[in-house]
Amino acid sequence: MYDAPSTTKEAVVTDVKIQANDVQVYYADNHAIKDVSVAIQDKTVTAFIGPSGCGKSTFLRCLNRMNDTIDICRVHGKIEIDGEDIYDKRVDPVQLRAKVGMVFQKPNPFPKSIYDNIAYGPRIHGMARNKAELDEIVERALRRGAIWDEVKDRLNAPGTGLSGGQQQRLCIARAVATEPEVLLMDEPCSALDPIATAQVEELIDELRQNYAVVIVTHSMQQAARVSQRTAFFHLGHLVEYDDTSKIFTNPEDSRTESYITGRIG
Amino acid sequence: MTDVSMESAAPRGTLTTVDARTKKRNAAEKRFRAYGLTAIVIGLFFLVVLAVSIIRSGLPAFTQTVVEVEFTLTQEQFDEAESQLLKTKAYENIFIAALQSQLEQRGLNVAFDAAAIERLLGKTGGTIREYFRANPDRIGTPVSFELAASSRVDGYFKGRVTRDSVVDSRFLMVTDLDLVDALYDAGIIKSAFNWNFITGADTGVDNPGGAGIGVAVIGSFFMMLVVLVLSLPIGVAASIYLEEFAPKNWFTDLIEVNISNLAAVPSIVFGILGLAVFIQFMHLPQSAPLVGGLVLTLMTLPTIIISTRASLKAVPPSIREAALGVGASKMQTVFHHVLPLAAPGILTGTIIGLAQALGETAPLLLIGMVGYIARAYPEGVVSGFIDPNSAMPAQIYTWAARADAGFYEKAWGGIIILLLFLLTMNLIAIILRRRFERRW
Amino acid sequence: MPLFWLFLIVLAIAAGAYLLARSRVLSMAGDDRRALHSLPSYYGSNAAMKSAVPALLLLVAWLLAQPFIVDNAVSSLIPDAAIADNSSRALVMAEVRRTADGLDMAVASGGLTEALARSEGLDLDVATSSLQEAGAIVTSQLTEPVLAAAQQFRALNTIGARWMSVAVIIVALIGATWGIREASPAFRARNTVERGVRALLIAAASIAILTTLGIVLSLVFNTIEFFRLYPASEFFFGLSWAPSFSGRGGASDLGILPLLWGTFYISIVALLVAVPVGLFAAIYLSEYASPKVRAIAKPLLEVLAGIPTIVYGLFALLTVGPLLVRVFGDDGLGWMQAGTAVMTAGLVMGIMLIPFVSSLSDDIINAVPQAMRDGSYGLGATQSETIRQVVLPAALPGIVGAILLAASRAIGETMIVVLGAGAAARLSLNPFEAMTTVTAKIVSQLTGDADFASPEALVAFALGMTLFVITLGLNIFALYIVRKYREQYE
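Residue numbers (the numbering used here), protein chains in the order written: chain A, 259 to 523; chain B, 984 to 1423; chain C, 17 to 506.
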């Protein structure tokens, strides 16, 4: 975001942010992702849908190299962010993850105060010169996470004391606090009730203004509601990738159609 | 977090170059990882040092320096010696003459007297006389005598005693060492496997060479028998009750709390319990393996109960439901299905509990099972349980407390034997687990 | 071994009852087992249970009660005049018991005939010499009251044993009859047997409570006895530990503070060794090590936990002590006088505790949910940042619990301090000096030849009580913390 001239970025909204080519993922002998190539655009919400076990979460975790933490997992192929191969030997996954934030299925606030939860990322990446700046970063992140009003009076209360929906928005705010360029969300609403889901979905739509958002979801309705682009995964293959409206109204592949209409899944 | 450096975020550059801060963080990462590895290495280092010092100090206990002299006692010599006033002295002279002639045969000429022989080998005359009086048919035939060298001579060969460290005394003179060297050159003095250490009994404080651990091993054996016979059925019964039948009430909670606390009570407190209840109150015999076994049973029970409950818990509920479903009673379900399936785990836990009990020392000292008690083998099974005896670890402690290098060697040797037993028990437990472990 | 035979007789009666009840119920059902409520073996088991269990319970109760009754009866026979000024009734009773044992030995070895041993005409000199010949430990000359009491003691015990046999066998027979008569096809034998088995299971489980009770009672009674002879305030606040050796001459100083100080000092040294090493080892094993390294290093470290403490004691006395002396002793830095010191014992105890700390911490670190780690990695934290700032704070209560458990182990450890710490009780700050601990003094006060009724021996029970209370408190507190911690992540 900083290195690209900002003028062109505003102009071309459909910049390719992430380009993946022929990605293969193996868990020991299990071939989990087969030949996936996809171009994810900036300032867009891209949804990955598909039946469980289809590899959509695995692929998502490749985008910020979270799979590195699993010993038996191997990734082949090329994934580029802003034209740089993230699996290059010179790339430090720590720096990469600061640029590509992630929100998880279950809200996972640290057993610390709300403030410390948000400040954790900025602190480890050394983003604030002093306490005032850190306060500012925390407030900004909480505002972007649409939770500032609810927690501004109790920043020192433990993050684990919040409700499920609040916890998930706190985790989103925590991810946003490190100023990422891409936000990966792994079924962020699966552990939430409908009201909290609606709040988080609203938030995702707002986040699109600043980030490339990739969301894995089980719910087709959610994909339809929040995303502009949708990729359908099946048995490790990327079956179809297109505008969300096209996927849901006029899919090209028969498997996509079956899934959309509820015959497989 | 105290290590926040409040410097500004470097403008995010390309991912392929690592910025200064990340370098610093990665260095911290490496350091932290190194601390962890160091900790493991330290732990393993201690293990190696322990193992090396046990083996290095303990192995000499299994060898004994002996003097082997072959000679023929004629009938005339026997009759003459028996007619003398100092009979053993006469035998001693015969022995010395034989030794001298053997040295001369090999062309070694060393002067020595009877006193030197006594310092080296103790009272040889008595041993020889005893032998020939018991075996009169061997008179006139060549007999090879293997006589144990004194503890100090033994120490000279094992490096405990050096020429520099010897102070002339009635136990050993520096000049004796010349004789020892000559005997060594002649091949008369040599190292032999010390069977007496494995089969023998404890000796007095002045005879480290003759001390053996055999009687204490028997004491430990009878104690373990008591522990096994009591703790296995009681432990299994208690576990079955707690795991399968116990209702959720204050009584069950009380038992649970007691078990988890007893598991952490210092072993010496169990010794006090044994002394006060079994010996003072019930008047059971002091120093008896029976009492030791009772104390160790109480100490081992929590361990066995905890591991047995884990094995019972590991049997899936579906098995119980299946049995109950065909009309078996709860009791039949447990004894016909759950218990057999949990048996390997229970057995493994019991063996490990027994191994723990086998190495326990402190409580035994309080009930009087100290090493110097172990002077003779029990006469029978009953006597094995109730006659005063010691146990391996207590015997080792007694030797260690005698502050004599000769006994230190025995203590280390005793540890090797104790550890061999423990190793065997643990190996059996591991094999059982490997063989019968079931994953549901 | 009449007791053994009695036991066998009861078992034989039970076995007979089993067979009789089983055949009776089968014949009543006309050999058609379908007509029975329970399997035939249950009718047999019911009869066997009813004959054996009450009889054996009676046997145990009798064995426990008889010594008391006999002791009381005999004790009242001894006239006050027969008790010397410097002695007590308990001591005389001990003498009586020894004499009675001696008479048994003399009869067994043929030195006395049973009739003579019982007769009132037994001459004191004859008795004394024949007892000594049989190898009994008695005073040089028996006195008339003691010998008479000893004879009475033997007589009562013989009568008691005879009546016990009779009573036990009668009870067994009554039980057997009852069980056999019950055996009819309609009788719910299985339910009865299962109720009995259940009672046995409960009894087994209750042994844990009985053990605790036994510990508490034996500590409490003897401690009270001690405080009757020695003021409690001097015990708890005395700064000097100097028991007199003979147990008679001279007053003893029995202050616990120097011992507590030694105990805590050594424990602290041990924890300073064990906690950093154990904790870092746990962190490395659970977060960094590859499965292969873990599979090798973890069991190897745990070997350290399986080694008996006597081995560590010897290691301290003979390996670590001399090694430390070489470095810190007169030839080296000159801080250390002898191999036995706080440092020696503490270091070795620390080694012993490493696997204890590491395996407890390992469990606790593994209980921190993976989601927590993922959240941190997802923000771009390195592994060590994640461990230090997320995992360890989350695991902190559990780790504190583990350290407390290790501390309680260190405080209660005996053999290492007996051999490695020295015997001198002193209040000093120098870790290279010899000090001693509560546990070491329990051993030395109870293994000497001091008389059990003297304050020098009884003090061990007060020490044990203190030790028990401290370790119990630590354990309960630690287990509470760990349980709270686990609940948090369940």
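Note that the Cβ used here is the ideal one computed from N, Cα and C, for glycine as well.
Item	Value
Contact with chain B by A:L249, beta-carbon distance below 8 Å	Nothing can be reported for residue 249 of chain A: it is not among the residues displayed for chain A, which extend from 259 to 523.
C:D117 versus B:P1346 - alpha carbon distance	26 Å
Whole alpha helix (DSSP H) elements within the segment 196 to 280 of chain C, 4-residue minimum	205 to 245, 248 to 253
C:L462 in three-state terms, based on DSSP	helix
Identity of the residue in C:M359, C:T398, C:L376, C:A478 nearest C:N446 by Cα	C:M359
Closer than 8 Å to chain C by CB, B:F1212	The displayed chain sequence assigns Val, not Phe, to residue 1212 of chain B. Cβ-Cβ to chain C under 8 Å: no for B:V1212.
For A:K364, three-class secondary structure by DSSP	coil
Buried versus exposed, by CB contacts within 10 Å (16 or more), C:L128	buried
Entirely enclosed alpha helix (DSSP H) segments - the segment 1080 to 1135 of chain B, minimum 4 residues	1097 to 1104, 1107 to 1117
Three-state class that DSSP yields for A:R332 in the structure shown	strand
Spatially closest choice to B:A1194 from B:D1236, B:D1387, B:D1168, by CA coordinates	B:D1387
8 Å Cβ cutoff met for C:T463 and B:V1278	no
Alpha-carbon spacing of A:L493 relative to A:N288, whole angstroms	12 Å
Proximity test, Cβ basis, 8 Å: A:H383 and chain C	yes
Interface flag, B:F1205 vs chain C, CB-CB below 8 Å	no
C-alpha distance - B:D1006 paired with B:E1012, whole-angstrom precision	According to the sequence displayed, residue 1006 of chain B carries Lys and not Asp. Roughly 10 Å between the two C-alpha positions.
Positions along the segment 406 to 433 of chain A whose CB lies within less than 8 Å of some CB in chain B	none
Cβ contact (3+ pairs, closer than 8 Å) linking the segment 470 to 479 of chain C and the segment 250 to 261 of chain C	yes
Closer than 8 Å to chain C by CB, B:F1419	no
Minimum C-alpha distance to C:Q504 - residue among A:T514, A:E439, A:R332, A:T418	A:T418
Under the three-state DSSP convention, the category B:T985 falls into	The pLDDT assigned to B:T985 is 40, lower than 50, so where the model puts this residue is not dependable; a value taken from the coordinates is nonetheless given after this. If DSSP states are grouped into helix, strand and coil, B:T985 belongs with coil.
Short-range partners of chain A found in the segment 288 to 311 of chain C, where Cβ spacing is below 9 Å	S306, P307
Residue span of the beta strand (DSSP E) that contains A:K275, given as start and end	274 to 285
Secondary structure of A:A305, DSSP reduced to three states	strand
B:K1106 versus B:T1381, B:F1419, B:T1071, residue with shortest Cα-Cα distance	B:T1071
Span of the beta strand (DSSP E), counted from its first residue to its last, around A:V472	470 to 474
Within 7 Å of chain A by C-beta, residues of the segment 369 to 383 of chain C in sequence order	none
Chain-ordered residues of the segment 392 to 413 of chain C with a beta carbon less than 8 Å from chain A	S392, Y393, G394, L395, G396, A397, T398, E401, Q405, V406, P409, A410
C:L7 versus C:L138 - alpha carbon distance	Here chain C comprises residues numbered 17 to 506, so residue 7 of chain C is not present and cannot be evaluated.
Amino acids of chain C, ordered along the chain, whose beta-carbon sits closer than 9 Å to that of B:M1314	R206, V209, E210, V213, R214
Span of the beta strand (DSSP E), counted from its first residue to its last, around A:L496	495 to 501
Residues that C:Q399 bridges to, as DSSP identifies them	Per DSSP, none; premise fails for C:Q399.
Same chain, Cβ closer than 8 Å to B:P1125, neighbours up to 5 away in sequence not counted	E1053, F1054, T1055
B:Q1047, DSSP secondary structure in three states	strand
C:G278 beta carbon near the ligand MN (any heavy atom closer than 7 Å)	This structure lacks the ligand MN, and indeed carries no ligand of any kind.
Proximity below 8 Å, CB of C:M365 to CB of C:I486	no
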